[in-house]
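In full-length UniProt numbering, the protein residues as written are 1 to 121.
Okay, structure coming up:
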């Protein structure tokens, strides 16, 4: 936040800070310096948490696709390579959902990827 010169602006900044620190324990709630540190740390954690969640979801999708591929006797890497060669543009989120919700459709996609992988190998 930029520096505030007038007392009303300073007070507004402090009120905003204390509003963000509402629910914290002890000095983390009502002492300006500690509240500011705690709020900044919490905001940093929430930012990194959102990015970690995206990374975790991608790895979950890959695990689900890999498990479904293994049930259909193909490795994950061969499957993904076959999809790219076949020109099938489904992303990992859709493939993982299909593997869980509609195994028959996923099996058809695996057959197409297998055929494409075998043709180029």
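Where a beta carbon is used, it is the ideal one built from N, C-alpha and C, also for glycine.
{"query": "Three-way DSSP call (helix, strand, coil) for residue 46 in this model", "result": "helix"}
{"query": "Of the listed residues 61, 56, 117, nearest to residue 98 (C-alpha basis)", "result": "61"}
{"query": "Sequence-distant residues of its chain with Cβ nearer than 6 Å to residue 78 (five each side left out)", "result": "117"}
{"query": "As assigned by DSSP and simplified to three states, the class of residue 56", "result": "helix"}
{"query": "DSSP three-state assignment for residue 78, whether helix, strand or coil", "result": "helix"}
{"query": "8 Å Cβ cutoff met for residue 9 and residue 18", "result": "no"}
{"query": "Proximity below 8 Å, CB of residue 66 to CB of residue 76", "result": "yes"}
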